[in-house]
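Notes follow the structure.
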Amino acid sequence: MTTEPPNENALIPYLRAVATELGLLAEDAAVEPADPLYGQIRFAGRPADGPAKHLLLTWDRRDGWQLNAAGGGSGSLHVVATLAGEIRPSPRAVADFTLEALADRGERLIRRQCDGDRLSALLDRYAEPAAKRRPRRSAPAPSRWSRPPNSAWSRP
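Quick note: this note's numbering has the sequence shown finishing at residue 205, numbered continuously throughout.
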């Protein structure tokens with residue numbers, strides 16, 4: 050049995066290890082130096098027939114690990130699942146819990162796109178079926194020899 054992290058510096062590597070087990074990046078994990086100490090991992094879940102939904106995996110000393118989903122248009126979070134047992138289980142156990150909870154919801158885990166995450170946006174667009182993509186519009190090619198209207202070149 051592992052013990053809970055005593056401070057923010059001990060929690061950061063633990064959260065990053067969980068993020069790595071989920072196939073996410075270390076930057077998807079963050080610690081809030083609140084009382085009680087609070088950590089979170091941001092990602093998204095995508096159902097087979099719909100758009101991605103923002104999810105948050107949170108940890109604190111009181112409740113342990115919880116999976117939260119954004120609810121409705123208000124953006125408020127509600128708890129979807131709680132990992133029972135230890136306050137600080139192994140990163141693999143947290144990843145298994147998260148993936149099972151998502152599967153129960155009919156979703157799969159994907160990395161959330163940050164505003165500056167252009168590569169992820171391009172890769173997601175590339176992965177879309179061609180029928181769903183909007184055709185590119187190209188600007189009309191400029192005419193090399195255009196005449197200004199009502200000029201001396203105009204014929205009467």
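The beta-carbon is built from N, C-alpha and C at its ideal position, and this holds for glycine as well. Note that the coordinates shown come from a computational prediction; the quantities given were computed from them, not determined experimentally.
Item, Value
"Contacting residues, own chain, Cβ-Cβ under 6 Å from P96 (five flanking each side not counted)", "G155, E156"
"Three-state secondary structure (DSSP) of N56", "coil"
"Sheet register partners of T69 (DSSP bridge)", "Note: T69 sits in no beta bridge, so no partner."
"Whole-angstrom distance between E57 and P82, CA atom to CA atom", "7 Å"
"Buried/exposed call for V128, threshold 16 Cβ in 10 Å", "exposed"
"Which residues DSSP lists as bridging G113, in chain order", "D109"
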